[in-house]
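Protein chains in written order, with the numbering used here: chain S, 1 to 93; chain A, 94 to 284. Idealized CB from N, CA, C, for every residue including glycine. Structure first, commentary second.
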Amino acid sequence: MFPKLDPLLHSELRLALMSILAGVESADFTYLKAQTGATAGNLSVQIDKLSAARYIIVEKGFKGKMPCTTCRITQTGLEAFENYVKALQEYLR
Amino acid sequence: MELNNEMTAQQSLRIITETMNNNRRDILRNSAKYYILWGALLTAMSLTVFLLWHFTGKPVWNMLWFAMPAIGYPLAFLLGKKDEAIPNNLIGKPTGHVWGLFGALSITLSAIAIFLVPMPITLIIVILFGCAESVTGLLLKNWAVIIGGFILAVGGAVAAMLLKGAEQILLFTLAGIVLMVTGVIVKSQYK
Chain S
1 MFPKLDPLLH SELRLALMSI LAGVESADFT YLKAQTGATA GNLSVQIDKL SAARYIIVEK
61 GFKGKMPCTT CRITQTGLEA FENYVKALQE YLR
Chain A
94 MELNNEMTAQ QSLRIITETM NNNRRDILRN SAKYYILWGA LLTAMSLTVF LLWHFTGKPV
154 WNMLWFAMPA IGYPLAFLLG KKDEAIPNNL IGKPTGHVWG LFGALSITLS AIAIFLVPMP
214 ITLIIVILFG CAESVTGLLL KNWAVIIGGF ILAVGGAVAA MLLKGAEQIL LFTLAGIVLM
274 VTGVIVKSQY K
């Protein structure tokens, strides 16, 4: 019996976002947009979904006079990501 | 949601692997310019101190070393302004801490050596430098940097005891070159 995959992570862009955030302290919106190649609108929607599930924390602030959105993975998000990878490995065995 | 075929699982793993690798590569490649900046500054400063000391015979020119952080940190800040969005990762942050600690120890011990308790400061700093370099190599998993740091610490310590006066300063010129080479290695390792 294969483990169920987390539907929230089983999406290309959300998975890419979590893969980036799992390896850094935090990353701002501009960086995430550049790394994923996603549009700003799509990225915002996916970030909101991950944030609603408490997988990431979104902080809105300013860098100088420019607005800046920073994302950080939570412990819940990290555990979900690890479980997702373990489940994938089960499928590949 | 369950996977229907093996291919989808492979695609998911590929996304994870590629994204993590690209992210790690971009962050570390970005850090290379700081090694090159501090290496170039150390080389230029050491040559300046050496030449002034050598031609005037006055070791007081060593005071110029205290200008190095005053020049280096604003330059590093300006260099970093272009890439404000680059985050810290699990390698970039500890290597930054290692070199920050090296800088803090070097400045503090130099000040103590000059104003309070005389000590063989070139010997101490060259060993600290070699250690910082080797630890950087361990974090980057790069044997050339690990061994380079070890050789610099041991060779530099021996040379610091054998060389006298202004000639000791040339050890820091060598250290500056090693730092620049580290930057080039990091840049090529993560291109």
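For residue i, decide whether its Cβ has a neighbour in chain S, counting only Cβ atoms nearer than 8 Å.
{"i": "glutamine 282/A", "result": "no"}
{"i": "proline 180/A", "result": "yes"}
{"i": "asparagine 116/A", "result": "yes"}
{"i": "leucine 121/A", "result": "no"}
{"i": "leucine 106/A", "result": "yes"}
{"i": "leucine 233/A", "result": "no"}
{"i": "alanine 169/A", "result": "no"}
{"i": "threonine 188/A", "result": "no"}
{"i": "alanine 102/A", "result": "yes"}
{"i": "leucine 183/A", "result": "yes"}
{"i": "threonine 112/A", "result": "yes"}
{"i": "valine 279/A", "result": "no"}
{"i": "isoleucine 240/A", "result": "no"}
{"i": "isoleucine 200/A", "result": "no"}
Determine whether the Cβ of residue i lies closer than 8 Å to any Cβ atom of chain A.
{"i": "tyrosine 91/S", "result": "yes"}
{"i": "alanine 27/S", "result": "yes"}
{"i": "valine 58/S", "result": "no"}
{"i": "alanine 80/S", "result": "no"}
{"i": "isoleucine 47/S", "result": "no"}
{"i": "serine 44/S", "result": "no"}
{"i": "leucine 88/S", "result": "yes"}
{"i": "alanine 40/S", "result": "no"}
Classify residue i: buried if its beta carbon has 16 or more other beta carbons within 10 angstroms, exposed otherwise.
{"i": "phenylalanine 159/A", "result": "exposed"}
{"i": "isoleucine 218/A", "result": "buried"}
{"i": "leucine 241/A", "result": "Checking the sequence, you will find glycine at residue 241/A rather than leucine. Glycine 241/A is buried by the Cβ-count criterion."}
{"i": "isoleucine 205/A", "result": "exposed"}
{"i": "tyrosine 84/S", "result": "buried"}
{"i": "threonine 110/A", "result": "exposed"}
{"i": "isoleucine 44/A", "result": "Outside the shown range of chain A, which is 94 to 284, sits residue 44/A, and nothing can be said about it."}
{"i": "alanine 197/A", "result": "exposed"}
{"i": "alanine 52/S", "result": "exposed"}
{"i": "glycine 64/S", "result": "exposed"}
{"i": "asparagine 114/A", "result": "exposed"}
{"i": "leucine 171/A", "result": "exposed"}
{"i": "leucine 92/S", "result": "exposed"}
Tell me the DSSP bridge mates of residue i?
{"i": "lysine 257/A", "result": "Answer is none; lysine 257/A lacks a bridge partner."}
{"i": "cysteine 68/S", "result": "Gly61/S"}
{"i": "alanine 27/S", "result": "Cys71/S"}
{"i": "asparagine 182/A", "result": "Val24/S"}
{"i": "isoleucine 205/A", "result": "The partner list for isoleucine 205/A (beta bridge, DSSP) is empty, contrary to what the question assumes."}
{"i": "isoleucine 56/S", "result": "Ile73/S"}
Got a sec? Which residues, its chain only, sit under 8 Å from residue i by beta carbon, not counting five neighbours each side?
{"i": "leucine 237/A", "result": "Note that residue 237/A corresponds to alanine in the displayed sequence, not to leucine. Around alanine 237/A: Gly230 and Ile278."}
{"i": "isoleucine 200/A", "result": "Phe159 and Pro162"}
{"i": "leucine 263/A", "result": "Ser139, Phe143 and Leu256"}
{"i": "threonine 36/S", "result": "Leu13, Ala16, Leu17, Ile20 and Leu43"}
{"i": "leucine 245/A", "result": "Val219, Phe222, Gly223, Glu226, Leu267, Ala268 and Val271"}
{"i": "methionine 273/A", "result": "Tyr128, Ile129, Gly132, Ala133 and Thr136"}
{"i": "glutamate 95/A", "result": "The pLDDT assigned to glutamate 95/A is 42, lower than 50, so where the model puts this residue is not dependable; a value taken from the coordinates is nonetheless given after this. Cβ neighbours of glutamate 95/A beyond the five flanking positions: none."}
{"i": "valine 247/A", "result": "Gly223"}
Would you please state the rounded distance, in angstroms, between the beta carbons of residue i and residue j? I believe it to be under 8 Å.
{"i": "alanine 268/A", "j": "phenylalanine 222/A", "result": "5 Å"}
{"i": "serine 285/A", "j": "leucine 50/S", "result": "With chain A represented from 94 up to 284, any question about residue 285/A goes unanswered, as that position is not in the structure."}
{"i": "valine 58/S", "j": "asparagine 181/A", "result": "Not a contact, Cβ separation roughly 18 Å."}
{"i": "proline 7/S", "j": "glutamate 90/S", "result": "Not quite, the Cβ-Cβ distance comes to about 17 Å (not below 8 Å), so this is no contact."}
{"i": "cysteine 94/S", "j": "leucine 32/S", "result": "With chain S covering 1 to 93 only, the question about residue 94/S has no answer from this structure."}
{"i": "leucine 202/A", "j": "isoleucine 214/A", "result": "6 Å"}
Within its chain, find whatever has a CB closer than 7 Å to the CB of residue i; leave out the 5 residues flanking it on each side and keep chain order.
{"i": "tryptophan 154/A", "result": "Val142, Leu145 and Trp146"}
{"i": "alanine 38/S", "result": "Leu13"}
{"i": "alanine 169/A", "result": "Tyr127 and Leu130"}
{"i": "alanine 22/S", "result": "Ile73, Leu78 and Phe81"}
{"i": "phenylalanine 243/A", "result": "Gly223 and Ser227"}
{"i": "alanine 250/A", "result": "Leu216, Val219 and Ile220"}
{"i": "proline 152/A", "result": "Trp146"}
If you drop the 5 nearest sequence neighbours on each side, which residues of the same chain put their C-beta closer than 6 Å to that of residue i?
{"i": "glycine 100/S", "result": "Since the displayed chain S opens at 1 and closes at 93, residue 100/S lies outside it and no answer follows."}
{"i": "arginine 118/A", "result": "Tyr283"}
{"i": "lysine 60/S", "result": "Thr69"}
{"i": "alanine 125/A", "result": "Gly276, Val279 and Lys280"}
{"i": "lysine 234/A", "result": "none"}
Return yes when at least one heavy atom of the ligand ADP lies under 7 Å from the C-beta of residue i, else no.
{"i": "valine 45/S", "result": "Among the components of this structure there are no ligands whatsoever, and the ligand ADP is therefore not found."}
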